[in-house]
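>
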Amino acid sequence: MAASGFGKRSAPDQAPRSRDDFAHLPAREAAIAAHIDRLPDGAAVDIKTLAKEIPAYGQQAVQTALNKLSDAGHLRRIRETGGEGRTQWVTRSYFSRTARDDAWWEAFLGEGDDASAPAPAPAPARSVAYEALVRLGRTEPRLSLSAAECSALEGLAYEWLRRGVAPDDLVRTLTAGLPGVVHHPGAFTRTRLTEKMPPEAPSAPEPSAPSRRRVMECTGCGVPGRSEALPGGLCRGCRGESRRPGDSGPAGVDVRAYVSELRAMARASR
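Residue numbers (my numbering): 506 to 775.
(1) List, from N- to C-terminal side, the alpha helix (DSSP H) runs of 4 residues or more that fit wholly inside the stretch 660–684.
(2) Assign E705 to one of three DSSP states: helix, strand, or coil.
(3) Taking only runs of the beta strand (DSSP E) that begin and end inside the stretch 518–599, which ones reach a length of at least 3 residues, in chain order?
(4) Taking 8 Å as the CB-CB cut-off, is L571 touching chain D?
(5) Using a Cβ distance threshold of 8 Å, determine whether the stretch 632–646 contacts the stretch 660–667, with at least three qualifying pairs required.
(6) Can you give the Cα-Cα distance for C726 and A528, rounded to whole angstroms?
(7) Taking only three categories from DSSP, how would you classify R719?
(8) Go ahead and pull the three-state DSSP assignment for G742.
(9) At the level of alpha carbons, what is the spacing between C655 and L638?
(10) The beta strand (DSSP E) with R695 in it runs from where to where?
(11) Quick one: what does DSSP say R631 is sitting in, helix, strand or coil?
(12) Classify G725 as helix, strand or coil using the three-state DSSP reduction.
(13) Distance, Cα to Cα, L530 vs H540?
(14) So, R719 versus V687, is the Cβ gap smaller than 8 Å?
(15) Helix, strand or coil, according to DSSP, for R647 in the structure here?
(16) Determine, using beta carbons only, whether A561 and A604 come nearer to each other than 8 Å.
(17) Let's see if you can read the secondary structure: which residues bound the beta strand (DSSP E) around G615?
(18) Would you give the residue range spanned by the beta strand (DSSP E) that R731 belongs to?
(19) Buried or exposed: where does S523 fall if 16 or more other Cβ atoms within 10 Å of its Cβ makes it buried?
(20) Have a look at T696, A538, A520, L683 and flag the residue whose alpha-carbon is nearest the alpha-carbon of L571.
(21) In the DSSP assignment, what residue or residues form a beta bridge with S515?
(22) Can you list, in chain order, the residues of its chain with a C-beta nearer than 7 Å to that of G563? Leave out the 5 residues immediately preceding and following it.
(23) Suppose you measure from the CA of A535 to the CA of R640; what does that come to, to the nearest Å?
(24) Mind checking whether T694 and L658 have CB atoms under 8 Å apart?
(25) So what's V687 in DSSP terms, helix, strand or just coil?
(26) Cα-Cα, which of W609, K553, R667 is closest to G737?
(27) Using a 10 Å radius around the Cβ and a threshold of 16 neighbouring Cβ atoms, would you call M702 buried or exposed?
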């Protein structure tokens with residue numbers, strides 16, 4: 506069983522198992538999908554565990570295969586509240602032998618197990634973690650980062666947010682007390698993100714009658730985002746797409762409201 510997140514959960518309303526369930530996939534992806542399909546709910550399906558259980562493929566091959574299974578509609582990583590009487594966020598890997606499109610997964614994310622296809626999703630948005638890194642250069646020019654550097658540091662910034670740090674506080678911490686000259690902003694920011702990483706917040710008693718919350722994560726790197734920002738369950742970086750300098754998010758998505766939503770989720774998890 507999964508010790509800390511990434512436990513498998515079976516998606517609802519799947520077709521009965523058959524020999525041709527994964528015939529549309531390349532051999533490697535089909536083999537890994539069949540292995541995950543046979544595992545019981547709660548089994549660990551993280552990269553390291555799968556690489557040990559399937560010795561024919563190393564960790565890099567497993568990661569690439571999981572990204573492709575996500576893009577094909579068989580897999581989504583979702584953070585949601587769980588536990589009895591406590592507010593605890595866990596990452597679960599929802600798997601469906603029946604391939605689902607983005608609309609189905611979006612409905613599942615928002616409505617729970619009774620999923621039905623909603624309207625098509627808008628274009629991808631940048632994650633809150635990425636936006637916080639962009640703000641560093643606007644707040645303090647000595648920490649101006651390139652698009653590639655923001656993408657490379659996005660996972661570390663997300664970990665701060667996951668541990669309860671608000672985006673404003675993240676920017677404030679990283680830009681405080683800078684030396685007179687910062688020769689390599691990307692390397693300097695990586696060092697600060699790593700060395701000043703806050704501790705995990707302890708679990709707190711859950712308020713009465715808590716509501717279940719779900720947030721989709723990128724299958725490849727774990728960056729959180731709304732479902733419309735993760736087509737195929739993958740962020741732009743993990744899809745191999747470059748970020749456009751003027752790309753500020755999909756039409757109709759209120760970035761400030763989304764930041765406030767993440768803050769509320771972080772406070773609830775403390």
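Glycine is no exception: its CB is placed at the ideal position from the N, C-alpha and C atoms.
This is what the structure gives:
(1) 672–680
(2) For the purposes of this step, residue 705 is identified with residue 200 of the sequence shown, where counting begins at 1. It is coil, neither helix nor strand.
(3) 580–587
(4) Absence of chain D from the displayed structure is noted, only one protein chain being present.
(5) yes
(6) Here residue 726 refers to the residue found at position 221 when the sequence shown is read from its first residue. Here residue 528 refers to the residue found at position 23 when the sequence shown is read from its first residue. Approximately 27 Å between the Cα atoms of the pair.
(7) Here residue 719 is taken as the residue at index 214 of the sequence shown, counted from 1. R719: strand per DSSP, three-state reduction.
(8) Residue 742 sits at position 237 when you count from the first residue of the sequence shown. Secondary structure of G742 (DSSP, three-state): coil.
(9) To locate residue 655, count along the sequence shown from 1; it is residue 150. To locate residue 638, count along the sequence shown from 1; it is residue 133. If you take the alpha carbons of C655 and L638, they lie about 6 Å apart.
(10) The residue labelled residue 695 in the question sits at position 190 within the sequence shown. No beta strand (DSSP E) holds R695; the alpha helix (DSSP H) holding it covers 690–700.
(11) Within the sequence shown, the letter at position 126 stands for residue 631. Three-state result, R631: coil.
(12) Numbered from its first residue, the sequence shown carries residue 725 at position 220. Coil.
(13) One-based indexing of the sequence shown puts residue 530 at position 25. One-based indexing of the sequence shown puts residue 540 at position 35. For L530 and H540, the distance between alpha carbons rounds to 14 Å.
(14) By one-based count along the sequence shown, residue 719 stands at place 214. By one-based count along the sequence shown, residue 687 stands at place 182. Contact flag unset, no.
(15) Counting from one through the sequence shown, the residue named residue 647 turns up at place 142. Three-state DSSP puts R647 in a helix.
(16) In the sequence shown, counting from the first residue as 1, residue 561 sits at position 56. In the sequence shown, counting from the first residue as 1, residue 604 sits at position 99. Cβ atoms of A561 and A604: not closer than 8 Å.
(17) Residue numbering aside, residue 615 sits at position 110 when the sequence shown is read from its first letter. G615 -> not in any beta strand (DSSP E); alpha helix (DSSP H) instead, spanning 607–616.
(18) Residue numbering aside, residue 731 sits at position 226 when the sequence shown is read from its first letter. Careful: R731 lies outside any beta strand (DSSP E) and carries neither H nor E.
(19) Position 18 of the sequence shown, counted from the first residue, corresponds to residue 523. Classification for S523: exposed.
(20) Taking the sequence shown and counting its residues from 1, one reaches residue 571 at position 66. The shortest Cα separation from L571 among T696, A538, A520, L683 belongs to A538.
(21) For the purposes of this step, residue 515 is taken as residue 10 along the sequence shown, with counting starting at 1. Bridge partners of S515: F600.
(22) Here residue 563 refers to the residue found at position 58 when the sequence shown is read from its first residue. Correct list, in chain order: A556.
(23) To locate residue 535, count along the sequence shown from 1; it is residue 30. To locate residue 640, count along the sequence shown from 1; it is residue 135. Straight-line Cα distance between these residues: approximately 42 Å.
(24) Within the sequence shown, numbered from 1, the residue matching residue 694 stands at position 189. Within the sequence shown, numbered from 1, the residue matching residue 658 stands at position 153. Between T694 and L658, the C-beta spacing is below 8 Å.
(25) Reading the sequence shown from its first residue, position 182 is the one you call residue 687. Of the three classes helix, strand and coil, the one that applies to V687 here is coil, per DSSP.
(26) Here residue 737 refers to the residue found at position 232 of the sequence shown. When each option's Cα is compared against that of G737, the closest is W609.
(27) Here residue 702 refers to the residue found at position 197 when the sequence shown is read from its first residue. Around the CB of M702, fewer than 16 other CB atoms lie within 10 Å, so the residue is classed as exposed.
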